[in-house]
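Residue numbers (the numbering used here): 9 to 421.
As structure tokens, then:
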């Protein structure tokens with residue numbers, strides 16, 4: 009049976025997440041209220057168990073870092089530390105409180121653990137630490153209190169927030185900054201724990217990508233969750249999850265009018281860096297058509313795909329029409345199965361294991377084909393966002409073409 013302190017911690021976690029869900033419930037209306045309440049219950053239990061596990065791991069990691077300093081003697085490292093300043097005063101606490109002795113002084117390290125350690129959660133941890141430090145120092149427990157924010161993984165953005173607030177940090181990937189008196193411990197690593205990496209990539213999954221592309225088409229537009237779900241053709245729950253993820257990372261904000269992007273460039277940078285090429289069947293072909301002949305065949309064939317299949321140009325082939333920079337030797341097409349017979353006939357395609365000059369990708373995610381862009385005087389092409397992401401994962405010249413396209417079409421300031 010959980011202790012009273014365990015129960016209080018579970019309630020604290022519940023209240024924090026409940027606050028973030030209230031605006032979602034308001035957005036979605038009475039019908040979705042039960043969905044959000046169920047989601048809140050499951051979130052509370054899972055998050056509580058996960059946070060308690062991470063707190064123990066952080067306490068061990070903190071001990072290991074402190075043991076590296078010969079001049080420090082660890083007196084205690086306590087978890088679930090609470091402070092009550094009077095019989096009628098509310099409790100203030102830190103997840104971990106460590107006391108170390110250096111010469112004749114006692115140093116207190118006060119650590120707040122957040123999971124996940126996204127920027128919004130980190131700012132909340134900083135506020136909690138400031139409040140707790142003020143009460144702790146009022147009682148003169150120690151003349152030196154060192155605040156630390158910890159998580160399974162803290163992104164560079166989260167670490168920068170800590171630095172600006174003059175807070176130390178520690179994560180389970182090995183990133184660490186602890187500074188006081190003449191002690192300075194700092195370490196950075198590019199590694200991410202698997203759960204953190206998985207959570208980071210989840211916001212760029214194919215379904216989430218539909219929501220992100222919808223938002224990026226007009227970053228300044230405010231969205232209610234129900235409207236966003238309908239426009240992106242995803243479930244209400246999925247749109248709500250993406251909404252929360254964007255707020256946690258401080259790429260979006262919510263006001264009375266709804267959700268709107270606040271850092272579209274930062275979001276696109278992160279998407280580019282974690283992007284995985286479109287999944288689907290890939291096939292290689294050869295065509296005798298080239299130059300103007302090929303362009304005419306593509307324009308005529310792709311433009312009438314609405315009735316018996318969908319197809320569009322992608323990659324460098326799409327970029328040539330959106331923001332010309334360079335022309336590749338390979339024509340890239342996105343197409344569904346229904347479009348293939350006519351493509352093969354109209355473009356005179358022959359299967360080719362070597363020397364192919366046409367690549368056809370049949371995406372697992374059909375939404376990609378629904379977002380094709382009509383180019384005046386040209387064939388339908390992949391959206392600027394998808395084209396940019398695809399180009400970014402080619403060679404150096406492809407990446408140059410990606411940045412050229414971004415400069416021409418993806419400027420939001």
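Virtual Cβ for every residue (Gly too), placed ideally from N, Cα, C.
Quick one: residues in its chain with C-beta nearer than 8 Å to the C-beta of residue i, no 5 flanking neighbours on either side, listed in chain order?
i           : result
residue 169 : 127, 130, 131, 134
residue 95  : Only weak support exists for where residue 95 lies, its pLDDT of 41 falling under 50; the value from the coordinates is given anyway. Within the same chain, residue 95 has no close Cβ partners at all.
residue 399 : 323, 324, 327, 406, 407, 409, 410, 413
residue 207 : 124
residue 265 : 230
Skipping 5 residues on each side, what residues in its chain have a beta carbon closer than 6 Å to that of residue i?
i           : result
residue 382 : 388
residue 317 : 344, 346, 347
residue 122 : 129, 133, 159
residue 372 : 287, 288
residue 23  : In this predicted model, residue 23 has a pLDDT of only 43, less than 50, meaning its place in the structure is not dependable; the value taken from the coordinates is given anyway. If we look at residue 23 and ignore the five residues flanking it on each side, it has no Cβ neighbours.
residue 86  : 105
residue 261 : 270
residue 84  : 107
residue 209 : 282
residue 420 : 227, 272
residue 336 : 324
residue 309 : 354
residue 179 : 159, 161, 162
Return the residue from the list the options that minimises the CA-CA distance to residue i.
i           : options            : result
residue 75  : 158, 58, 109       : 109
residue 181 : 191, 202, 174, 189 : 202
residue 294 : 239, 357, 268      : 357
residue 186 : 245, 115, 334      : 115
residue 410 : 146, 280, 249      : 280
residue 72  : 137, 56, 167, 193  : 193
residue 58  : 101, 117, 125      : 125
residue 402 : 364, 285, 420, 366 : 285
residue 365 : 407, 418, 299, 309 : 299
residue 418 : 390, 120, 157, 272 : 272
residue 119 : 267, 66, 199       : 66
residue 164 : 156, 196, 68       : 196
residue 157 : 68, 354, 137, 141  : 137
residue 63  : 251, 216, 105      : 105
residue 276 : 264, 211, 145      : 211
residue 81  : 335, 117, 144      : 117
residue 282 : 367, 61, 200, 190  : 200
residue 338 : 311, 353, 350, 368 : 368
residue 350 : 311, 112, 69, 175  : 311
residue 384 : 353, 307, 146      : 307
residue 359 : 188, 321, 291      : 291
residue 263 : 274, 352, 229, 143 : 229
residue 267 : 248, 278, 416      : 248
residue 56  : 78, 70, 103        : 103
residue 390 : 321, 334, 370      : 321
residue 404 : 334, 353, 361      : 334
residue 167 : 217, 183, 251      : 183
residue 319 : 301, 380, 361, 250 : 380
residue 79  : 188, 171, 68, 370  : 188
From the DSSP secondary-structure annotation, give me the bridge partner or partners of residue i.
i           : result
residue 320 : 342
residue 84  : 107
residue 192 : 187
residue 118 : 105, 155
residue 261 : 268
residue 125 : 162
residue 231 : 267
residue 113 : 110
Note down, in chain order, each residue of its chain lying with its Cβ closer than 7 Å to the Cβ of residue i, except the 5 sequence neighbours on either side.
i           : result
residue 414 : 396
residue 393 : 221, 224
residue 297 : 305, 355, 356
residue 215 : 242, 246
residue 363 : 294
residue 112 : none
residue 155 : 118, 137, 141, 175, 176
residue 386 : 307, 329
residue 416 : 331
residue 153 : 116, 118, 141, 144, 145
Please decide whether residue i counts as near chain D, where near means a Cβ-Cβ distance under 8 Å.
i           : result
residue 310 : Included in the structure is just one protein chain, with no chain D present.
Between residue i and the ligand MN, is there a pair consisting of the residue's CB and a ligand heavy atom that are separated by less than 7 Å?
i           : result
residue 217 : For the ligand MN, the structure offers nothing, since it holds no ligand at all.
> Is the segment 339 to 350 close to the segment 363 to 383, with three or more CB pairs under 8 Å?
Replying inline: By the Cβ criterion, the segment 339 to 350 is in contact with the segment 363 to 383, since at least three pairs of Cβ atoms, one from each stretch, lie closer than 8 Å.
> Given 8 Å as the limit, is there contact between the segment 315 to 331 and the segment 255 to 267, that is, 3 or more CB pairs closer than that?
Replying inline: Segments in contact, no.
> What are the complete alpha helix (DSSP H) segments, minimum 4 residues, inside the segment 272 to 310?
Replying inline: Unbroken alpha helix (DSSP H) runs of no fewer than 4 residues, entirely contained in the segment 272 to 310, are found at 272 to 282, 299 to 310, following chain order.
> Where are the beta strand (DSSP E) runs, 3 residues long or more, that stay fully inside the segment 131 to 186, in chain order?
Replying inline: Runs of the beta strand (DSSP E) lying entirely within the segment 131 to 186 and spanning at least 3 residues, in chain order: 152 to 159, 176 to 179.
>> Going residue by residue through the segment 324 to 412, where are the continuous alpha helix (DSSP H) segments of at least 4 residues, counting only ones entirely within it?
In response: Along the segment 324 to 412, the alpha helix (DSSP H) occurs as fully enclosed runs of 4 or more residues at 348 to 354, 375 to 378, 392 to 400, listed in sequence order.
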